[in-house]
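Working notes, beginning with the structure itself.
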Amino acid sequence: MNHPAIRKGAVAVITGAAVGIGYAIARRVASEGMNVVLFDRDATALDEAVKKLLNESPAVKLLAIEGDVTSENDLHELYENACEFGEVSLLVNNAAITKGAGPWEGISKWRTLMEINFWSVLKLQQLFVETMFSQGGAAAIVNLGSKEGITTRPGNAAYSLSKAAIKVLTEQLAHELREKAGDRISAHLLIPGYTFTPMNFPGITRDSQKPDSPWTADQVADRLVAQMEAGDFYIFCEDNETSWELDQRRMQWAADDMIQNRPALSRWHKDYANKFAHYIADIAEK
Ligand SMILES: NC(=O)c1ccc[n+]([C@@H]2O[C@H](COP(=O)([O-])OP(=O)(O)OC[C@H]3O[C@@H](n4cnc5c(N)ncnc54)[C@H](O)[C@@H]3O)[C@@H](O)[C@H]2O)c1
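Per my numbering, the sequence shown starts with residue 598, numbered consecutively.
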């Protein structure tokens, strides 16, 4: 049995649904009989996505909305159209960009990334939560996190910050929902590993050959549905080069930076390179 929010005839709203993980989730929940609202700023890719989904399952009910998550108007239109389309039981805040900025780089780059990766998520959450309360049925909100928002590796501070913010926002949301609605409305943090999508492989098409290391977006979507059913909040995905055990060790190391008063991000500090290598050696050897 699926998580009760994933049910036949109810509506799933997915941002950034034209390609990649968003598209795979759309396809996966459509295969469960959900009606899907696909929202994306890329009209051509959105068109293609709809054709492909309809080709696979002609009976599926889709609503494609072209829009930008940074536009309040577009978000309101999405909200209103989705509610007219049916009972919204699943919101997946998936749209994001990685093109970020370093700690003292231009504020406008930070603003653009945070508008897409963080503020839009908060705004959509705020629009849909009250509706989910008043509808009365089971519902769920899935926000897209990242390991870069947990172990926050250096190199793209703005992206890491946005995903760390999404982690905290979703944890707080899960708690408040649990207090107010018991288990009727749940929140989940989906944390993909390295995934074969245009974000990591610009220019790929649906027919491109996948290299060995990444997971497919379909694997991520399958993991989401399975772990929602299991009642998980943190939905981690490994990939073909990073095991769950290695992820666990990296998270423990990051927490130990604080507990042991080590330098920030010591995993990438030259004085700690050998210690970290030793810390994961038994896993690396497997
Ligand atoms: N791919 C990975 O390895 C990976 C790993 C961890 C987390 N994630 C997260 O998963 C989610 C999906 O990633 P993906 O790899 O499928 O991304 P992608 O870049 O392949 O696809 C993102 C989709 O979002 C749309 N989009 C981007 N900005 C938008 C905007 N302003 N308004 C409307 N639509 C917009 C794009 O047009 C595109 O269709 C993101 O939140 C990403 O941070 C991805």
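From the three backbone atoms N, C-alpha and C, an ideal C-beta is built for every residue, glycine too.
In this chain, the beta strand (DSSP E) harbouring A736 covers A736 to L741. I782 sits in a strand when the DSSP states are folded into three classes. Excluding its 5 nearest sequence neighbours in each direction, A679 has C-beta neighbours in its own chain below 7 angstroms: V608, V610, V634 and V685, listed in chain order. Closer than 7 angstroms to some heavy atom of ligand 1: that does not describe the Cβ of L821. Taking a 10 Å sphere around the C-beta of D836, we find 16 or more other C-beta atoms and assign the residue as buried. Taking 8 angstroms as the upper bound for CB-CB distance, T667 and F636 are not in contact here, some 12 angstroms apart.
Set against 7 angstroms, the gap from the CB of M855 to the closest heavy atom of ligand 1 is not smaller.
R775 and F830 have their C-alpha atoms spaced approximately 12 angstroms apart. Of the candidates D671, D644 and V718, the residue whose Cα lies closest to the Cα of L770 is V718.
The Cβ-Cβ distance between A602 and A737 falls below 8 angstroms. Contiguous beta strand (DSSP E) elements confined to the segment 694-768 occur at 736-741, taking only those with 3 or more residues. With a cut-off of 7 angstroms, the C-beta of A761 is classified as distant from ligand 1, since no heavy atom of the ligand falls inside that distance. Within the same chain, Cβ atoms closer than 7 angstroms to the Cβ of G699 are found at A754, the five residues on either side in sequence being excluded. If you draw a straight line from the Cα of I856 to the Cα of R847, it comes to about 14 angstroms.
In the DSSP assignment, D804 is bridged to no other residue. In the three-state reduction of the DSSP assignment, Y876 falls in the helix class. The Cβ atoms of N632 and G683 sit closer than 8 angstroms to each other. In this structure, DSSP gives T792 an extended state, which the three-state scheme calls strand. In this structure, I877 has its beta carbon at no less than 7 angstroms from each heavy atom of ligand 1.
Partner residues in the beta bridge of E663, as assigned by DSSP, are D637. Rounded to whole angstroms, the Cβ separation of I788 and L843 is 14 angstroms, and the two are not in contact under 8 angstroms.
By the CB criterion at 8 angstroms, T813 and L786 fall outside the cutoff. At least one heavy atom of ligand 1 lies less than 7 angstroms from the C-beta of S743. Here the distance from the Cβ of I618 to the nearest heavy atom of ligand 1 is below 7 angstroms.
In this structure, F725 keeps its C-beta atom at 8 angstroms or more from the C-beta atom of A778. Looking at Y620, G630 and E629, the one whose alpha-carbon comes closest to that of E645 is Y620. If the five residues before and after I782 are omitted, its C-beta is found closer than 6 angstroms to the C-beta atoms of M729, A736 and L774, all from its own chain and listed in chain order.
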